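Asks: Residue numbering for the sequence shown follows my numbering, starting at 1 and increasing by one per position.
For each residue, glycine too, the CB sits at the ideal point set by N, CA and C.
Since we're looking at a predicted model, the values are computed, not measured.
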Amino acid sequence: MKLDAVELRQVALPLVSPFRTSLGTQTVRTALLVRVLTDEGEGWGECAAEDEPTYSPEHLAGAADAIRRFMLPALAPLELDPAAVGPALRHLRGHPMAKAAVEMAVLDCWLRARRTSLAAHLGGVRQRVRVGVSVGIAETVDALLDTVDRHLSAGYARIKLKIEPGWDLEPIRAVRETFGADVMLTVDANTAYEPGDLRHLAKLDAFGLALVEQPFAPDDLHAHAALAARMDTPVCLDESITSARDAAEAIRRGACSIINIKPGRVGGYLEARRIHDLAQANGVPVWCGGMLETGLGRAANLALASLPGFTLPGDISATERYYHRDITRPFVLDGGELAVPAEPGLGVLPEEAGLEACTTVVETVSC
Ligand SMILES: CSCC[C@@H](NC(=O)CCC(=O)O)C(=O)O
Ligand SMILES: [Mg+2]
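So, in structure tokens, the structure goes:
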């Protein structure tokens, strides 16, 4: 498959409500979309990078620049298939989310031309996946309880609460006491705590949480291992895991016993599968994290979440959790589950009207 041209498009999707984490508050999701035009058809990819480099070192404008100036010139001369993209970009350091977006577009195009779904290509075993929802830091505990009640009524299989110093034990206790012991509950700190908070964090053991996600800095495996040794509640890593090699090291060091896999963070869906396989070989459950993706990334994440080792509900919420209007058909929760797209490629396409309505920038790079 040969690249003829690549379209880089920025879309801005207003959120239905502000989403606050320890990293800040989001009211709009600006996303970079990659469309490859090839001799075998077209394919779409979505870059997980956000406007600002707060979740990870990447940001949207930098990702677009890295794709435009370095990745496309490296790929243009090649006869491509999805497995060739990673090796062809290996000489470029970092930029996993930018690389993942390009590989995803090549995957979509290549699979559509071969009438194969991404789930089938990755080795999916489920037609539907149980999904959870991520709940931001709220103004008050009462407001949090209202939000959790709404999501439980919608049927979500797991509630994830964002926490940070000053917003942790009290809201978790209130949710547990209000909704009972049977609700699957997790927390995510997005690296907000310091090693000196270890004794405080160990108190999370009192709430029967399914996991505690990324309390410390991405590169502090020692602190995560120390907490894991002090707590019965499993420690899950997110920002720390940017490759299968990172996953192997974190497991070896006892820094995690569960992994949140985000294809953008690790450089693509093929590396995500490698992490899944490695985690399975080590008895480590995995689940699919979210980056407030549009329906393109949401569809691809459902394909990934259909693999056998994805045994915990992921952050793949229904479209309405974040957006009044998406660029693809909406994903609708049914009994706490979402259906895995079975059509070729991603199984979804942007809808012209919706796409144009939220497009802020579009450029075409000839290859
Ligand atoms: C900083 S918010 C994005 C990263 C965050 N993602 C979520 O909380 C889930 C977002 C979603 O539902 O897509 C995480 O660290 O897991
Ligand atoms: Mg996280």
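Would you say the region 57-76 touches the region 121-141, given that touching needs at least three Cβ pairs under 8 Å?
Replies: No, they do not touch.
Asks: For Val82 and Tyr269, I'd like the C-alpha separation in whole angstroms.
Replies: It should be pointed out that residue 82 corresponds to Pro in this sequence rather than to Val. Approximately 10 Å between the Cα atoms of the pair.
Asks: Within 10 angstroms of the Cβ of Val286, are there 16 or more other Cβ atoms? Answer buried if so, exposed if not.
Replies: Buried: at least 16 other Cβ atoms inside 10 Å.
Asks: Suppose only complete runs of 3+ residues qualify. What are the beta strand (DSSP E) ranges in the region 157-229, listed by chain order?
Replies: Listed in chain order, the complete beta strand (DSSP E) runs (minimum 3 residues) inside the region 157-229 are 159-162, 185-188, 211-213.
Asks: By Cβ distance, which residues of its chain are closer than 8 Å to Leu221, with the 5 residues on each side in sequence left out?
Replies: Result list for Leu221: Ser240, Glu249, Ala250, Arg253, Ala255, in chain order.
Asks: Going by beta-carbon coordinates alone, are Val340 and Ala318 separated by less than 8 Å?
Replies: Result no, Cβ atoms of Val340 and Ala318 do not sit closer than 8 Å.
Asks: Can you give me the start and stop residues for the alpha helix (DSSP H) that Arg20 sits inside?
Replies: Here Arg20 belongs to no alpha helix (DSSP H); instead the beta strand (DSSP E) covers 3-21.
Asks: Going by DSSP, which residues form a beta bridge with Gln26?
Replies: DSSP lists Phe19 as partners of Gln26.
Asks: Just grab the DSSP bridge partners of Asn260 for me.
Replies: Trp287.
Asks: With Thr147 as the anchor, note down where its alpha helix (DSSP H) starts and where it stops.
Replies: Looking at the DSSP string, the run of the alpha helix (DSSP H) that includes Thr147 is 141-154.
Asks: Excluding the 5 residues flanking Leu292 on each side, which residues of the same chain have their C-beta closer than 6 Å to its C-beta?
Replies: Same-chain partners within the cutoff: Arg29, Tyr322.
Asks: Secondary structure at Thr233, three-state DSSP: helix, strand or coil?
Replies: The answer is coil: DSSP assigns Thr233 none of H, G, I, E or B.
Asks: Would you say the beta carbon of Asp188 is closer than 7 Å to some non-hydrogen atom of ligand 1?
Replies: Yes, Cβ of Asp188 sits closer than 7 Å to a heavy atom of ligand 1.
Asks: What residue range does the beta strand (DSSP E) around Leu270 cover?
Replies: Leu270 -> not in any beta strand (DSSP E); alpha helix (DSSP H) instead, spanning 269-281.
Asks: If the criterion is Cβ atoms closer than 8 Å, does the pair Leu198 and Val175 meet it?
Replies: Against a cut-off of 8 Å, the Cβ pair of Val175 and Leu198 comes out as no contact.
Asks: Indicate, with yes or no, if ligand 1 has a heavy atom lying under 7 Å from the CB of Gly354.
Replies: Because no heavy atom of ligand 1 lies under 7 Å away, the Cβ of Gly354 does not count as near it: no.
Asks: Between Gly43 and Cys109, which are expected to be in contact by the criterion C-beta below 8 Å, what is the C-beta distance as a whole number of angstroms?
Replies: About 3 Å; that satisfies the 8 Å criterion.
Asks: Using the Cα positions of Ile261 and Thr178, report the straight-line distance between them to the nearest angstrom.
Replies: When rounded, the distance between both Cα atoms is 30 Å.
Asks: Which runs of the alpha helix (DSSP H), 4 residues or longer, sit entirely within the region 285-361?
Replies: Within the region 285-361, the complete alpha helix (DSSP H) runs of at least 4 residues are 295-305, 352-358.
Asks: Would you say Gln26 touches ligand 2, meaning its beta carbon is less than 7 Å from a heavy atom?
Replies: No, since every heavy atom of ligand 2 falls outside the 7 Å radius drawn around the Cβ of Gln26.
Asks: So, helix, strand or coil for Leu78, using DSSP?
Replies: Coil, per DSSP.
Asks: When you compare each of Leu338, Gly335, Val187 to Thr233 by their alpha carbons, which one comes out closest?
Replies: The residue with the shortest Cα to Cα distance from Thr233 is Val187.
Asks: With a threshold of 7 Å, establish whether the CB of Asn282 neighbours any heavy atom of ligand 1.
Replies: Answer for Asn282: no, Cβ out of range of ligand 1.
Asks: Compute the minimum distance between the beta carbon of Glu293 and the heavy atoms of ligand 1, and state whether it is under 7 Å.
Replies: Yes - ligand 1 has a heavy atom lying nearer than 7 Å to the Cβ of Glu293.
Asks: Going by C-alpha distance, which of Lys2, Cys47, Thr38, Leu23 is nearest Gln10?
Replies: For Gln10, the nearest C-alpha among the options comes from Cys47.
Asks: If you drop the 5 nearest sequence neighbours on each side, which residues of the same chain put their C-beta closer than 8 Å to that of Leu227?
Replies: Cβ neighbours of Leu227 beyond the five flanking positions: Leu198, Leu201, Ala202, Val212, Pro215, Phe216, Val235.
Asks: Does the beta-carbon of Val16 have 16 or more other beta-carbons within 10 angstroms, so that it is buried, or is it exposed?
Replies: Counting Cβ neighbours within 10 Å, Val16 comes out exposed, since fewer than 16 surround it.
Asks: Within a Cβ cutoff of 8 Å, which residues of the same chain sit near Ala387, ignoring the five residues on either side of it in sequence?
Replies: Residue 387 falls outside the range modelled here, since the chain spans only 1 to 367, and no answer is possible.
Asks: Three-state secondary structure (DSSP) at Arg126?
Replies: It is coil, neither helix nor strand.
Asks: Counting beta carbon pairs with one atom in the region 20-35 and one in the region 2-9, are three or more of them shorter than 8 Å?
Replies: The region 2-9 is in contact with the region 20-35.
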